[in-house]
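In order, the protein sequence lines correspond to chains A and B.
Here the numbering used here is used: the first residue of the first sequence is 1096, the next is one more, and so on.
Here the numbering used here is used: the first residue of the second sequence is 1096, the next is one more, and so on.
Where is the CB? At the ideal position from N, CA and C, for every residue including glycine.
It should be emphasised that the depicted structure is a prediction, and the values quoted were computed from it without experimental measurement.
There are 2 protein chains.
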Amino acid sequence: MGSKLTSRSTDYSKWYNELVVKADLAENSAVRGCMVIKPYGYAIWEMMQKELDRMFKETGHENAYFPLFVPKSLFEAEEKNAEGFAKECAVVTHYRLKADPDNEGKLIVDPNAKLEEELVVRPTSEAIIWNTYKGWVQSYRDLPIKINQWANVVRWEMRTRLFLRTAEFLWQEGHTAHATRQEAIEESELMQQVYADFAQNFMAMPVIKGVKSESERFAGADDTYTIEALMQDGKALQAGTSHFLGQNFAKAFDVKYTSKEGKQEHVWSTSWGVSTRLMGGLIMTHSDDLGLVLPPKLAPIQVAIVPIYKTEEQLQAITEKVEEIAGQLKSKGISVKFDNRDTHKPGWKFAEYELKGVPVRIAMGARDLENGTLEIARRDTLEKQSVQQSEAVERIEQLLQDIQENLWNRALQYRDEHITSVDNFEEFKEVIENKGGFVAAHWDGTEETEDKIKEITKATIRCIPLDFKEEEGVCVFTGNPSKKRVLFAKAY
Amino acid sequence: MGSKLTSRSTDYSKWYNELVVKADLAENSAVRGCMVIKPYGYAIWEMMQKELDRMFKETGHENAYFPLFVPKSLFEAEEKNAEGFAKECAVVTHYRLKADPDNEGKLIVDPNAKLEEELVVRPTSEAIIWNTYKGWVQSYRDLPIKINQWANVVRWEMRTRLFLRTAEFLWQEGHTAHATRQEAIEESELMQQVYADFAQNFMAMPVIKGVKSESERFAGADDTYTIEALMQDGKALQAGTSHFLGQNFAKAFDVKYTSKEGKQEHVWSTSWGVSTRLMGGLIMTHSDDLGLVLPPKLAPIQVAIVPIYKTEEQLQAITEKVEEIAGQLKSKGISVKFDNRDTHKPGWKFAEYELKGVPVRIAMGARDLENGTLEIARRDTLEKQSVQQSEAVERIEQLLQDIQENLWNRALQYRDEHITSVDNFEEFKEVIENKGGFVAAHWDGTEETEDKIKEITKATIRCIPLDFKEEEGVCVFTGNPSKKRVLFAKAY
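As structure tokens, then:
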């Protein structure tokens, strides 16, 4: 504690990095680009996992586990994927270290233990999974396959940032196989909706559902459905994607089924994933200059209780009362931490729970004991109020709901204020440069224009929103005709 | 279905491999030594994870996540560990694949993308974790650290078997740091007890708690606490270990704390883990020639219901009744699958649920409808009985408890019948060779004797049991004095 965070207005990026480390969420490790997720950060990720996993199962998916390694040749089988992903990846070439004969105490790679075929640490698992599905699918009776995996993946990123872009990250990847095109498209859309629901209902993070332009699509996908969020610095964050893969992987790995009519058909497929990047999105959607702000539904500690006392007798009397209230809160499924450490002062503890984003903080002192009251502080607005102990449980329960709702409304308002429709390129540049956020503009549909706009403004097409209506217009850059606005933004 | 399993008496090892594949638990992958854990197998593993995770948290542990990769130099820092583990491991040497200029469609490792320092895919995480803890520990106030991680690890095993020994496997690894020797020893013992409780109460798998002899200890441990189970072929399975690491890792990574008295002290530590190997133990403890037998507490499907009908009307009437009963079972937390697929006959379904170890199978036919009955079959004893529908829920609930208990008793009896005390080496060889199981024998405490016994009989010291009393005796091999019997067995 003690040393304050850099403020967002001073240096947003520095604020983020400091917050992640000081709030005990994650830190850099001895391995370039790989992070250590600390217990408090991991507890938030576990809560996300739990809800997502429930949602996946409720929509008919099962979990499984596929190997960490992908033989190099499987990437060759799926060329598009190889071009898109396999370039920067961790390659295992040997299977033994041995003592260096020329240098005592040192280890070297044993040159005699070279693998016949190199193994790639999975950057994503389409290749290994479709190579497996090949053995599982013969008939239409074997379909659909609706599998999810929770796993670590590695992409050799050059510039990394905690949670947002790391060489190793944790994610889930769904991989489904279907008999028909229509069913696979419906699955892709369903999972985009599941992600959007999770972002809204648990993260209190507004997202825009859309599809990617061809150049922003996952290599190997016919369509990429995305959810795009907006961070407080006006940059967009791609928070989850769901890919309609057509028959691309089925063709690359020769996965066919016999239809009811006895015909051999290639299988249709999807894949979809969200990652620990969501942690970055969660942090940057709600937090402030005092530290993390967590929506109650994803807070490992929802209520922190700090006693304020001078004598042991006072502490004992406070403890008795606190345990009664804490018990009632817990019986309602509310997580409570009574912080009776004698190694830290109350003020220090207040600052710590602010830094860590605990939604509700309660203080109880000697005067509260006399008056039958306690002080409730909410993290989102920093408001405090004195409340009768007898009403505390009910008030806190309501307050947690209010905070969840307030965070959503606040984030939604910010996001909506940062979608700007523009009709010429001067205005486009002006908004991207100074206001930030999403720019809704007409685009002529060509990759060339997309590239040029990116070159000039660093803004990319985040998505073609599903709920944008068709309208006649002209591309802000070329003046060529366009039928729909798309959303541009600078992005993480 | 259809093709029966090889019987255990014909070829135990073949029986096991067939069962794992046919019951849809796991299969080999395109990557040597790495398995695919299929949804049904993974669902069992998830149930194990859930209970273990709860037990870890109830004993004050938190989850976190550390990097997959360990820089080679960190293994050098911990020499003992390097000798014990780092020899056979996956080594990442490069970070890029590129198109082969001489061979279209092929990928090669980019020679310009060689890592400055090779990375080892973690075979266990002591090195990377203690390198991290160094930054977390300054004062006694920072202790204890009680962290667990659920992760994948890789050990380059030459001979692999599904679940029992695979190059990549899933596990949890606890890594704790303490201010005192005594606290660290208590932690090691506590986690051994947690593992033993889990084995008994959920897996219905009896285990013997003991400590390892020096030669069987984890490299880097001062003491290894183990739980040892017995499989139906008379071979032992090490099911979980908890290591008291002394100050070995703290010294290797220079992790010191300032005590209350202001002195600099090295930290004391433990590590402990169980893995997907437990799946192998679960399978081999209870299963029979018809397939898997699962204890109800770890069964993804506890009750399977199969309708037997000729007409659509019958199916409809059965469905109505089944849904009523299934609803009542689910409200008691019992997992139920109503298998109304019209693509398979009832007999086929019966065989499938036997193969997959579903504890209770219910059949309901037209005559049952008339009589208000249903047929209940239990997987452990294969007994069937006709039961009034009105009593079904209560009977099933009781039956699930009975099956859990019966599996425990059966396994316990088998295990106890296979602990043989012997007092001379002829008898020792005889029992190891013909009867199998554990042999309780005096041993002179030397590694030399241990090695010779292993050379002659293939039996190793599984553990020095905690509950064996001291008694005067002489080593079965050398005749030298001994104060305690130890347990020998052939082992997985």
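Alpha carbon to alpha carbon, how far is residue i from residue j?
| i | j | result |
| --- | --- | --- |
| residue 1096 of chain B | residue 1446 of chain B | Any reading at residue 1096 of chain B is ruled out, since the residue's pLDDT is 48, under 50, leaving its predicted position unreliable. |
| residue 1480 of chain A | residue 1487 of chain A | 11 Å |
| residue 1166 of chain A | residue 1466 of chain B | 59 Å |
| residue 1533 of chain B | residue 1329 of chain B | 8 Å |
| residue 1367 of chain A | residue 1224 of chain A | 13 Å |
| residue 1571 of chain B | residue 1531 of chain B | 17 Å |
| residue 1327 of chain B | residue 1205 of chain B | 50 Å |
| residue 1101 of chain B | residue 1574 of chain B | 43 Å |
| residue 1505 of chain B | residue 1369 of chain B | 24 Å |
| residue 1478 of chain A | residue 1451 of chain A | 17 Å |
| residue 1444 of chain A | residue 1453 of chain A | 11 Å |
| residue 1565 of chain A | residue 1270 of chain A | 32 Å |
| residue 1110 of chain A | residue 1382 of chain A | 10 Å |
| residue 1510 of chain B | residue 1378 of chain B | 15 Å |
| residue 1310 of chain A | residue 1242 of chain A | 27 Å |
| residue 1428 of chain A | residue 1463 of chain B | 43 Å |
| residue 1485 of chain A | residue 1404 of chain A | 21 Å |
| residue 1161 of chain B | residue 1132 of chain A | 6 Å |
| residue 1214 of chain A | residue 1202 of chain B | 12 Å |
| residue 1148 of chain B | residue 1316 of chain A | 37 Å |
| residue 1583 of chain B | residue 1508 of chain B | 19 Å |
| residue 1362 of chain B | residue 1421 of chain B | 54 Å |
| residue 1587 of chain A | residue 1332 of chain A | 5 Å |
How would you label residue i, buried or exposed, when you count the other beta carbons within 10 angstroms and need 16 or more for buried?
| i | result |
| --- | --- |
| residue 1577 of chain A | buried |
| residue 1561 of chain A | exposed |
| residue 1548 of chain A | buried |
| residue 1211 of chain B | exposed |
| residue 1551 of chain B | exposed |
| residue 1257 of chain B | buried |
| residue 1153 of chain B | exposed |
| residue 1557 of chain B | buried |
| residue 1207 of chain A | exposed |
| residue 1198 of chain B | exposed |
| residue 1406 of chain A | exposed |
| residue 1182 of chain B | buried |
| residue 1341 of chain B | buried |
| residue 1173 of chain B | buried |
| residue 1343 of chain B | buried |
What are the boundary residues of the beta strand (DSSP E) that residue i is part of?
| i | result |
| --- | --- |
| residue 1516 of chain B | 1514–1516 |
| residue 1583 of chain B | 1580–1584 |
| residue 1473 of chain B | 1468–1473 |
| residue 1557 of chain B | 1555–1560 |
| residue 1595 of chain A | With chain A represented from 1096 up to 1587, any question about residue 1595 of chain A goes unanswered, as that position is not in the structure. |
| residue 1441 of chain A | That residue, residue 1441 of chain A, is in no beta strand (DSSP E); its alpha helix (DSSP H) goes 1441–1450. |
| residue 1566 of chain B | Counting along the chain, residue 1566 of chain B falls outside any beta strand (DSSP E), and DSSP gives it neither H nor E. |
| residue 1380 of chain B | Counting along the chain, residue 1380 of chain B falls outside any beta strand (DSSP E), though it belongs to the alpha helix (DSSP H) covering 1372–1381. |
| residue 1067 of chain A | This structure gives no information on residue 1067 of chain A, because the portion of chain A shown stretches from 1096 to 1587. |
| residue 1521 of chain A | Per DSSP, residue 1521 of chain A belongs to no beta strand (DSSP E); it is in the alpha helix (DSSP H), 1520–1525. |
| residue 1122 of chain B | 1121–1123 |
| residue 1305 of chain A | 1303–1306 |
Quick one: give me the first and last residue of the alpha helix (DSSP H) that residue i is part of.
| i | result |
| --- | --- |
| residue 1144 of chain B | 1134–1153 |
| residue 1113 of chain A | 1107–1117 |
| residue 1347 of chain B | 1343–1347 |
| residue 1413 of chain B | 1407–1426 |
| residue 1167 of chain A | 1167–1172 |
Q. Looking at C-beta atoms only, is the number of pairs between the stretch 1348–1363 of chain B and the stretch 1117–1128 of chain B that lie closer than 8 Å three or more?
A. These segments do not touch.
Q: Just list the beta strand (DSSP E) runs in the stretch 1208–1277 of chain B, keeping only unbroken ones of 3 residues or longer that don't cross its boundaries, in chain order.
A: Counting only runs of 3 or more, we get 1209–1216, 1240–1249, 1263–1273.
Q.
Check whether the stretch 1237–1249 of chain B and the stretch 1262–1282 of chain B are in contact - that is, three or more C-beta pairs closer than 8 Å.
A. Because the criterion of three Cβ pairs below 8 Å is met, the stretch 1237–1249 of chain B and the stretch 1262–1282 of chain B touch.
Q | At least three beta-carbon pairs within less than 8 Å, the stretch 1293–1308 of chain A to the stretch 1373–1384 of chain A | A | When Cβ pairs closer than 8 Å are counted between the two stretches, the stretch 1293–1308 of chain A is seen to touch the stretch 1373–1384 of chain A, the count reaching three or more.
(Q) Closer than 8 Å is the cut-off here; do at least three beta carbon pairs connect the stretch 1128–1148 of chain B with the stretch 1179–1199 of chain B? (A) The stretch 1128–1148 of chain B makes no contact with the stretch 1179–1199 of chain B, as fewer than three CB pairs between them are under 8 Å.
Q: Mind the definition here: the stretch 1554–1572 of chain B touches the stretch 1303–1318 of chain B only if three or more C-beta pairs lie below 8 Å; say whether that holds.
A: Yes, the stretch 1554–1572 of chain B is in contact with the stretch 1303–1318 of chain B.
Q. Hey, is the stretch 1274–1294 of chain A in contact with the stretch 1489–1500 of chain A, meaning 3+ C-beta pairs nearer than 8 Å?
A. Touching, no.
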